[in-house]
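Engineer: I'd like to ask you about the structure that follows.
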Amino acid sequence: MRKLLTAFVGSMALAAAPLALSAEATKELKMAYDADPVTLDIHEQLSGGMLQLSHMTFDPLIRWNKDLGFDARLAESWERVDDKTMRFKLREGVKFHSGNELTTKDVEFTYERLKQSSDFKAIFAPFTGINVIDDYTFELVTAEPYPLLLNTATYIFPMDSEFYSGETEKGQSKAAITKHGSSFASGNLSGTGPYIVTSRQQGVRMEFERFADYWDEASPGNVKKIVLTPIKENNTRVSALLSGGVDFIAPVPPTDLERIKRDKDVDLVTMSGTRIIMFHMNQDRVEAFRNLKVRQAVAYAINQEGIAAKIMKGFATPAAQMSPAGYSGHNESLKLRYDVKKAQQLMKEAGYEDGFTITMISPNNRYVNDDKIAQAAAAMLARINITVDLKTLPKAQYWPEFDARSGDMMLIGWHADTEDSANFFEFLTFCPNADTGAGQYNAGNYCNPEVDALVAKANLETDREKRDAMLQDAEKQLYDDAAFIPLHWQDLAWASKKNVKLDPILNVMNFPFLGDLVVE
Amino acid sequence: MLAFLVQRIFQAFLVMFVISMIAFAIQDGLGDPLQELVGMSVSLEERDAIREDMGLNDPIYVQYARFAGNALQGDLGISYFYGKPTLQVIAEHLPATLELVIGASLIILVFSVPIGVYAAIRPQAFLSKFFMGISTVGISIPVFLTAIVLIQLFSIGVAIEVFPTDTGWGAWLNGALSTDGGLPSYGRGDELTHLFGTWNSGFFSSNGLWHLVLPCVSLASIMLPLFIRLIRAEMLEVLQSDYIRYARAKGLSSGRINFLHALKNTMLPVITVGGVQLGIMVAYTILTETVFQWPGMGLMFLEAITRSDIPLIVAYLMVVGLVFVITNTIVDLIYGLVNPTVKLTGKKA
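Residue numbers (my numbering), protein chains in the order written: chain H, 1 to 520; chain V, 1 to 349.
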């Protein structure tokens, strides 16, 4: 009997084999993220969640690969015409979900719309225009030579110009971008991406179906249907995976890493992220922080490795600078400098041996373990006689306080939208200037025009090597100046059932390329 | 009766007014709603333009006047996050919460009456003491902890291997202590039956019912012990009363005495308390829904707070306030009908 059964199962498996080999999409994937996309309009808000949606339902001109290089997507090839112009060749025969065909007129439409979007217009500020040459050739033009042109092109997800043109029944323009309230684009979607949105209940559940006419036939992706459930509560998200309710979760909370590793039915993937967590020292409010030695003393007093190991449970990469490895400005020579003796010495030299009292503010629900990190830092500062009065706040209340610079030391995390070091400097260490918007999050009020000038120069340098050297030099100067206190880069983690092959589709930007996902 | 209703309607308006005032007064403390609406790198100038556009730069009394004017026409504003009228958002989340409350109430009803009555009739029995002990524990464990333990036991499963697995008795003990898991740990499932309007029900499919089990048990866990103790206490008191002793003396069967005469009088105060407790249950749904990612009003409200979605917060508070006023009115009416000596308007007869 058993033999018969084996033979039967064997023949079934053989019969099924050819089906499995062809990349026909047949699988279903249930996934749980900590949030769902706030809207279907990919230009309404610039956030991680929206970029994840963009990669599922649209496709960019080019996209980042694992080594922080670029892969061709809707743009087949690109070449520099001159210092300020880049020519792109569009892939032919690409269809939108609506059935319309992709041409340069869609790219032009998308470019113009990006320029209108309050969240994206800053990224596209260096661009002066788009030249359409023919149906499949166009050029992007910048005012000055712009080294980050390709980085920015990863944000161009061509939209279906025909689909988004005209007026709705209520007489509203279909191309309109609304920040709050509903618009045509926030409820309807037509992209070129691997998935079509088939149903959406905001905050509850979202369903995707693989697009039958998807252009990328070389993609190994075999998932036919995706169900996305937002699960905010960390514990519940992990339980959903461990109980088999979902196949894939992100992010994995650091407290549950061990629990997930122990489970033999699930896979865990982690990698070092690119979001820097750091402290600003407010020179406007605390005179001592204007003293280089005091700033250095603080830098020597903070034990980044301790925080990463104890509080982040090893789920963070200790940082001595802002730029993570792989970024232009990452300077290998900058080392962690935890040394309490040296810190005490510096305080003495600065004339603050007896220390002083400061206030510290930190969010308590924005970054991983943010309030605990602040507590640990406060304890470390006590060892050099700096008494810290710590206040932690939920993020909705924290940012107004941060904008008002109402603490002496303030915690902030930052991820560069351009995946480039210059973005860190521009927002976090440039001399604050309300008119240009420079140093918008420089709550330390640190100001070093030399570094600013250096970064500004680097932003006109299209030679990658020269530019890297300049940005690395800028990191070095800020390090020597102890302009801020870097803590760590937050690591990323995803977990899935064993049959979901996550590893190849993940990246440090945290937008999994689900279109290429293989489920066995 | 009519005077009573008029008075209650007037009261309801007063309650709504006070709630809306409070909700508006605290909105500054809730934080900046814009943080959830824009990316970090959006310039301050741009933010201010959006704020102006949303009317957030107006003085608070102007904002309140605008809100009150619209509210009187039945428009409680548009949720920042959902981009839809707040009442519609609440209506969409209401069915999930109601089904959770109904499920939990059924569990409470089915278990509290027999256990409470039994514990009153046989106060010294081992089983009574056992139930009373458990109920003390039940009251003191917070609902989210119950929920997490339930998830671990019945969704994920626990494999116990403390006894030697190679012996028959060890394997049996291990097996008896281990749980398989498999119960859904989040959400309402994907086989909901559409009833009407925004009401999709989980009561009509096995998938939906399985999803109800853990959340309902968790929610019931806090109220069930309370009701058992309440019924027991009331029943004990009734059993001491003269008419029961008289009935006993007359030689009526104990079943008839306990379940017909005593229980009827026990349930009266229980119903009143139950009405009030039902309102309190709304508060507990917030915790339960958060742990189980149950897409109801409680979870919606909690997320609205973290997002500073002020219109939705105000609307939720007003709807819940209204629900309280209505349930209290109904409870008072029932009480008045059952016991005509109670004067509803509270004036001297």
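Idealized CB from N, CA, C, for every residue including glycine. Being a predicted model, the structure only gives us computed values, none of them experimental.
1. With 16 as the cutoff for other CB atoms within 10 Å, does V:Q124 come out buried or exposed?
2. Between H:G351 and chain V, is the shortest Cβ-Cβ distance under 7 Å, so that the two count as touching?
3. Would you mind sorting V:A159 into buried or exposed? The rule is 16 or more other CB atoms within 10 Å of its CB.
4. Under 7 Å Cβ-Cβ, which residues of chain V neighbour H:D119?
5. Please classify H:L21 as buried or exposed, where buried requires at least 16 neighbouring CB atoms within 10 angstroms.
6. Helix, strand or coil for H:T6, going by three-state DSSP, please let me know.
7. Hey, quick one: how far does the beta strand (DSSP E) through H:E79 stretch, first residue to last?
8. Could you tell me which chain H residues have their CB closer than 7 Å to the CB of V:L212, listed as they occur along the chain?
9. When you check each C-beta in the region 394 to 414 of chain H against every C-beta of chain V, which residues fall closer than 8 Å?
10. So which residues on chain V does H:E233 lean against when the C-beta distance must stay under 8 Å?
11. Quick one: give me the first and last residue of the beta strand (DSSP E) that V:F154 is part of.
12. When you check each C-beta in the region 53 to 73 of chain V against every C-beta of chain H, which residues fall closer than 8 Å?
13. Looking at chain H, which residues of the region 128 to 156 of chain V have a Cβ within less than 7 Å of any of its Cβ atoms?
14. What are the boundary residues of the beta strand (DSSP E) that includes H:G129?
15. Here's the rule I'm using: 16 or more other beta-carbon atoms within 10 Å means buried, otherwise exposed. How should V:Y61 be labelled?
16. Count the other CB atoms, across all protein chains shown, that sit within 10 Å of the CB of V:Q293; report buried if there are 16 or more and exposed otherwise.
17. Run through the DSSP bridge pairs and tell me what H:V227 is partnered with.
18. Kindly indicate if chain V contains any beta-carbon less than 7 Å away from that of H:L46.
19. Work out the CA separation of H:V141 and H:E465 for me, nearest whole Å.
20. Looking at H:A301: is its Cβ nearer than 7 Å to the Cβ of H:M380?
21. With the cut-off set at 7 Å, would you say H:L522 and H:Q304 are in Cβ contact?
22. Starting from the Cα of V:S20, find the closest Cα among V:R47, V:Q7 and V:L76 and give me that residue.
23. Looking at chain V, is there any beta carbon in it that lies within less than 7 Å of the beta carbon of H:Q202?
24. Taking Cβ positions only, does V:P184 come closer than 7 Å to chain H?
25. Closer than 8 Å between beta carbons: that is the criterion. Which residues of the region 303 to 327 of chain V meet it against chain H?
26. What is the rounded straight-line gap between the Cα of H:L228 and the Cα of H:G191?
27. Taking H:C431 and H:A438 to be in contact with their CB atoms under 8 Å, please state how far apart those CB atoms are, rounded to whole angstroms.
28. Below 8 Å on C-beta distance, what does V:I78 contact in chain H?
29. Opposite H:D389 in the DSSP bridges: which residues?
30. Along chain H, which residues have their Cβ under 9 Å away from the Cβ of V:D350?
31. Among residues of its own chain, excluding the 5 on either side of H:R290, which ones have a beta-carbon nearer than 6 Å to its beta-carbon?
32. Can you pull the chain H residues whose beta carbon is under 7 Å from the beta carbon of V:Q35, in chain order?
33. Skipping 5 residues on each side, what residues in its chain have a beta carbon closer than 7 Å to that of V:A96?
34. Counting only C-beta atoms, is H:T255 closer than 7 Å to chain V at any point?
35. Can you name the residues that DSSP bridges to H:V518?
Structural biologist: Reading from the atomic positions:
1. Locating residue 124 of chain V in the second sequence gives position 124, where the first residue counts as 1. Exposed, by the Cβ-count rule.
2. Here the question's residue 351 of chain H lines up with position 351 in the first sequence. Judged by the 7 Å Cβ criterion, H:G351 is not in contact with chain V.
3. On the second sequence, residue 159 of chain V is found 159 positions in, with the first residue counted as 1. Exposed: under 16 other Cβ atoms inside 10 Å.
4. Counted from its first residue, the first sequence places residue 119 of chain H at position 119. By Cβ distance, chain V contributes V38, G39 and V42.
5. On the first sequence, residue 21 of chain H is found 21 positions in, with the first residue counted as 1. Interpretation of H:L21 is limited by its pLDDT of 42, a score under 50 that renders its predicted location unreliable; no figure is taken from the coordinates.
6. Within the first sequence, numbered from 1, the residue matching residue 6 of chain H stands at position 6. Any answer about H:T6 is weak, because its pLDDT of 43 lies below 50 and its placement is not dependable; what the coordinates show is given next. Here H:T6 sits in helix by DSSP.
7. Taking the first sequence and counting its residues from 1, the one referred to as residue 79 of chain H is at position 79. From DSSP, the beta strand (DSSP E) with H:E79 extends over A75 to D82.
8. In the second sequence, the residue the question calls residue 212 of chain V occupies position 212. Those do not exist, as V:L212 stays about 15 Å from chain H at its closest Cβ, beyond 7 Å.
9. P394, K395, A396, Q397, Y398, W399, P400, D403 and W414
10. Here residue 233 of chain H is taken as the residue at index 233 of the first sequence, counted from 1. Result: T290, V291 and Q293.
11. Translated into the one-based positions of the second sequence, residue 154 of chain V becomes position 154. Premise fails: V:F154 is in no beta strand (DSSP E) and is neither H nor E.
12. D53 and M54
13. I148, I151, S155 and I156
14. As a position in the first sequence, residue 129 of chain H is number 129, starting the count at 1. F127 to D134 is the extent of the beta strand (DSSP E) around H:G129.
15. Residue mapping note: residue 61 of chain V aligns to position 61 of the second sequence, counting from 1. Flag for V:Y61 reads exposed.
16. Locating residue 293 of chain V in the second sequence gives position 293, counting from the first residue. It is buried - the Cβ of V:Q293 has at least 16 other Cβ atoms within 10 Å.
17. Along the first sequence, read from residue 1 onward, the residue named residue 227 of chain H stands at position 227. Paired residue(s): H:K30 and H:E207.
18. The residue you call residue 46 of chain H lines up with position 46 of the first sequence. Closer than 7 Å to some Cβ of chain V, the Cβ of H:L46 qualifies, so yes.
19. Residue mapping note: residue 465 of chain H aligns to position 465 of the first sequence, counting from 1. Residue mapping note: residue 141 of chain H aligns to position 141 of the first sequence, counting from 1. When rounded, the distance between both Cα atoms is 23 Å.
20. By one-based count along the first sequence, residue 301 of chain H stands at place 301. By one-based count along the first sequence, residue 380 of chain H stands at place 380. Their beta carbons are under 7 Å apart, which means H:A301 touches H:M380 by this criterion.
21. Shown here, chain H extends from 1 to 520; a query on residue 522 of chain H therefore has no answer.
22. The residue given as residue 20 of chain V occupies position 20 in the second sequence. Answer by Cα proximity: V:L76.
23. Position 202 of the first sequence, counted from the first residue, corresponds to residue 202 of chain H. Output row for H:Q202: interface = yes.
24. In the second sequence, counting from the first residue as 1, residue 184 of chain V sits at position 184. Yes, because at least one Cβ of chain H sits closer than 7 Å to the Cβ of V:P184.
25. E303, T306, R307 and S308
26. As a position in the first sequence, residue 228 of chain H is number 228, starting the count at 1. As a position in the first sequence, residue 191 of chain H is number 191, starting the count at 1. Cα to Cα, H:L228 sits roughly 19 Å from H:G191.
27. On the first sequence, position 431 is the one that residue 431 of chain H refers to. On the first sequence, position 438 is the one that residue 438 of chain H refers to. With 8 Å as the limit, H:C431 and H:A438 qualify as a contact, their Cβ atoms being about 7 Å apart.
28. For the purposes of this step, residue 78 of chain V is identified with residue 78 of the second sequence, where counting begins at 1. Result: H180 and G181.
29. Start at 1 with the first residue of the first sequence, and residue 389 of chain H comes out as number 389. DSSP, once it has assigned bridges, lists H:T359 as partnering H:D389.
30. Look at the range of chain V in this structure, 1 to 349, and you will see that residue 350 of chain V is not part of it.
31. Here residue 290 of chain H is taken as the residue at index 290 of the first sequence, counted from 1. The residues are Q283.
32. Residue 35 of chain V sits at position 35 when you count from the first residue of the second sequence. Correct list: K395, A396 and W399.
33. Walking along the second sequence from the start, residue 96 of chain V turns up at place 96. Once the five neighbours on either side are set aside, the close Cβ partners of V:A96 are R188, W294, P295 and G296.
34. Here residue 255 of chain H refers to the residue found at position 255 of the first sequence. Chain V, which has no Cβ nearer than 7 Å to the Cβ of H:T255, makes this no.
35. Here residue 518 of chain H refers to the residue found at position 518 of the first sequence. For H:V518, which the question treats as bridged, DSSP gives the partners H:K501.
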